[in-house]
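When we follow the numbering used here, the leftmost residue of the sequence shown carries the number 427, and every step to the right adds one.
A virtual CB, placed ideally from N, CA and C, is assigned to each residue, including glycine.
Have a look at the structure below before the remarks.
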Amino acid sequence: MIKGKFAVLAAAVIAAGNVQAGGFLTNTNQNISFNRNFARDGVIAIDGVYSNPAGVAFLGKGFHLSLNVQNVYQTRTIVSGMNVPAFKGTPYESVFYQPFKMNGGNDDGTKKFRGKAAVPVLPSFQAALNYDNWGFQLGFALNGGGGKATFNDGLASFERVVALVPALLAQKGLATDQPSYSLQSYMNGTQLDFGLQFGATYKFNDHWAVYGGARFNYIWNKYEGNIMNISAPIAGEKVKLYDYFNTQASTYSDMAFYYKMRASEMAGDPASQKTFLEQAAKCQAASEQMNQAKEQFADKYLDCHQYGWGITPIIGVDYKTGKFNFATRLEFTTHFNIENHTKRDDTGLFTDGVNTPNDLPGLWSLGMQYSVRPNLRVMASTHYFFDKNARMANGRQKHLSHNTREYLAGVEWDITKDILVSCGGQITDYGLGDGKALSDMSFVTSSYSLGFGAKFSVTKRMKVNLAYFFTDYKHFKKNYEQDIQGVRVECSDDFVRTNKVLGVGVDIDF
427 MIKGKFAVLA AAVIAAGNVQ AGGFLTNTNQ NISFNRNFAR DGVIAIDGVY
477 SNPAGVAFLG KGFHLSLNVQ NVYQTRTIVS GMNVPAFKGT PYESVFYQPF
527 KMNGGNDDGT KKFRGKAAVP VLPSFQAALN YDNWGFQLGF ALNGGGGKAT
577 FNDGLASFER VVALVPALLA QKGLATDQPS YSLQSYMNGT QLDFGLQFGA
627 TYKFNDHWAV YGGARFNYIW NKYEGNIMNI SAPIAGEKVK LYDYFNTQAS
677 TYSDMAFYYK MRASEMAGDP ASQKTFLEQA AKCQAASEQM NQAKEQFADK
727 YLDCHQYGWG ITPIIGVDYK TGKFNFATRL EFTTHFNIEN HTKRDDTGLF
777 TDGVNTPNDL PGLWSLGMQY SVRPNLRVMA STHYFFDKNA RMANGRQKHL
827 SHNTREYLAG VEWDITKDIL VSCGGQITDY GLGDGKALSD MSFVTSSYSL
877 GFGAKFSVTK RMKVNLAYFF TDYKHFKKNY EQDIQGVRVE CSDDFVRTNK
927 VLGVGVDIDF
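Next up, the structure:
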């Protein structure tokens with residue numbers, strides 16, 4: 427029978443991923459102006475409350491406001507493989523060596539798992555009140571996460587343990603000529619980092635301005651998942667394994683009761699009584715083993731929320747000279763934990779009240795804008811994230827080969843005094859190393875993004891921004907070995923994502 431060491435706790439990977447709100451998933455698209463031209467770090471505009479807060483001091487006296495809404499759609503695709511070396515070169519190789527083939531896998535032993543993440547309405551705003559020299563700012567956005575990822579068919583991490591079941595059944599003589607398995611699995615994860623930023627600027631003269639402020643971050647994560655109806659054919663019939671072993675346990679229990687009754691009837695025959703008692707003991711032991719086996723195939727559920735907060739100090743400097751504007755800002759690494767608030771956890775890994783490291787990485791940006799002509803401007807900037815200094819669950823940051831680097835460029839053209847068009851590009855280079863920092867629950871890969879859009883003057887004081895951008899991610903393949911409760915397995919995961927964002931915003935000067 428299936429021993430307890432082969433417990434089907436694949437749902438435990440829900441915990442292993444610990445999708446970060448921050449870290450690999452910092453959101454820099456906090457304004458529609460960014461969506462149409464990513465290189466905003468050296469631009470003087472209201473969206474600079476996030477990208478160039480010191481430069482906002484040069485907007486002029488008065489109150490400036492930007493309201494933005496974005497629609498975000500993402501897909502996450504993992505092509506996962508699984509080989510069991512123990513079956514290589516044996517009569518069972520064609521069936522058990524690449525077990526994903528038994529449940530919809532490809533001929534090469536891999537299987538595709540696809541998740542979708544959608545944010546129909548992603549809001550943000552930036553506001554600034556400038557005086558002669560002093561200025562004050564307020565901004566709100568989802569600084570990290572911001573989406574709900576759903577895997578309706580689960581993940582390879584869920585399925586790998588279950589994929590070993592047919593081989594284990596075969597070892598016990600319970601498999602059929604055409605072994606297979608099936609399960610229902612589901613994973614839904616929501617990660618939100620609400621960021622409320624506030625700060626002040628001081629303009630020394632027409633060339634220099636500085637900024638000091640902070641962002642209050644509130645993390646709200648939610649994880650729901652399950653594995654249900656683990657099934658396999660036994661004696662030519664597909665059965666739910668929990669029900670099968672439950673029936674077997676009841677049968678052996680009834681037999682134990684029968685032999686005990688017979689033993690009680692043999693008071694005058696010690697030899698027969700002993701035989702019946704021995705049979706009763708064997709049946710009772712078998713019943714207990716079957717009960718242990720059935721629990722390995724019971725439906726598993728997870729329902730957990732995580733909460734946490736932290737404060738990010740931010741400083742910035744802006745320098746104007748002639749046709750150039752230069753700016754830099756530094757966001758310090760935010761150290762804090764998130765706490766589990768667990769309603770149900772059949773995995774045993776989301777203990778209620780436990781805290782997990784969830785630092786937000788620091789960010790250093792440099793930006794420049796040059797006015798080629800009064801109606802034509804070019805921009806360039808760079809971002810450097812201090813990921814390796816941000817504590818992540820299970821020390822994932824230690825496996826990064828280098829910190830994240832981004833390179834951005836853009837151009838703006840005033841077609842008329844009322845119509846502006848722009849476009850931009852961004853290259854993101856993650857230091858993923860050998861991929862140990864990635865899991866099928868939490869991953870991102872290096873990418874490039876392209877965006878374009880326009881700004882229209884509706885009135886003298888109101889402008890509307892429209893923009894669209896997409897991100898093309900590189901494939902990243904990870905090969906590794908895994909010990910699944912005593913069985914060595916060769917695994918592979920090929921990660922890739924897509925990202926599309928459409929947005930509209932309104933800028934108002936009072």
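A residue is called buried when at least 16 other Cβ atoms come within 10 angstroms of its Cβ; N801 does not meet this threshold and is exposed.
With fewer than 16 neighbouring CB atoms inside 10 Å of its own CB, P517 falls in the exposed class. In this structure, the beta-carbon distance from Q552 to G565 falls below 8 Å.
In its chain, beyond the 5 residues on either side, S873, S875, N925 have a beta carbon closer than 7 Å to the beta carbon of T897. Pairing Y727 with D669 gives a Cβ-Cβ distance that is not under 8 Å.
In the DSSP annotation of this structure, T536 is not part of any alpha helix (DSSP H); the continuous beta strand (DSSP E) holding it starts and ends at 536 to 556. Contact between N652 and D725 holds, with the beta-carbon distance rounding to 7 Å and staying under 8 Å.
For Y649, the secondary structure class from DSSP, reduced to helix, strand or coil, is strand.
Nearest Cα to Q623 within the set T842, V591, G736, L600: G736. Shown here, I470 sits in coil according to DSSP, grouped into three states, outside any helix or strand. Pairing V510 with Y523 gives a Cβ-Cβ distance under 8 Å. Excluding five sequence positions before and after G859, the CB atoms of its chain that fall closer than 8 Å to its own CB belong to H825, L826, S827, given in chain order. By alpha-carbon distance to Y628, the top candidate from D744, M687, D603 is D744.
Beta-carbon to beta-carbon, L618 and L568 are separated by about 6 Å, close enough to satisfy the 8 Å threshold.
Restricting attention to D632, D778, F895, M613, the CA atom closest to the CA of G836 is found in F895.
Boundaries of the alpha helix (DSSP H) harbouring M716: 696 to 722, taken from the DSSP string. Here the stretch 912 to 932 lies against the stretch 450 to 465, with 3 or more beta-carbon pairs under 8 Å apart. Closest option to S797, judged by alpha-carbon separation, among S791, A806, W790, A693: A806.
Taking the Cα positions, A675 is about 28 Å away from A693.
Under the DSSP assignment, Y612 falls outside any alpha helix (DSSP H), being part of the beta strand (DSSP E) whose first and last residues are 608 to 629. Taking every protein chain shown into account, the CB of G748 has fewer than 16 other CB atoms within 10 angstroms, so this residue is exposed.
If you check the CB distance, T808 and L786 do not come in under 8 Å. Cα atoms of C917 and Y906: separation of roughly 5 Å, rounded to the nearest angstrom.
For P592, no beta strand (DSSP E) run applies; the uninterrupted alpha helix (DSSP H) run containing it begins and ends at 591 to 597, by DSSP. Only residues of its own chain outside the window of five on either side were considered, and among them I440, G615, L728, C730 have a CB closer than 7 Å to the CB of Y649, listed in chain order. Residue range 888 to 899 is occupied by the beta strand (DSSP E) that includes D898. Beta-carbon to beta-carbon, V913 and M508 are separated by about 11 Å, too far to satisfy the 8 Å threshold.
In the DSSP annotation of this structure, the continuous segment of the alpha helix (DSSP H) that includes S520 starts and ends at 519 to 522. Listed in chain order, the beta strand (DSSP E) elements of length 3 or more contained wholly in the stretch 818 to 849 are 828 to 840. Of all alpha-carbon atoms in H901, E585, F484, the one lying nearest the alpha-carbon of H633 is that of F484. For D669, the enclosing alpha helix (DSSP H) covers residues 667 to 691. Of the residues assessed, E691 falls on the exposed side of the cut-off, its CB having fewer than 16 other CB atoms within 10 angstroms. Per DSSP, I656 has no beta bridge partner at all. Judged by DSSP in its simplified three-state form, A863 adopts coil rather than helix or strand. By the Cβ test, the stretch 525 to 540 is not in contact with the stretch 469 to 476, since fewer than three Cβ pairs between them sit closer than 8 Å.
Here S477 carries a helix assignment [DSSP, helix/strand/coil].
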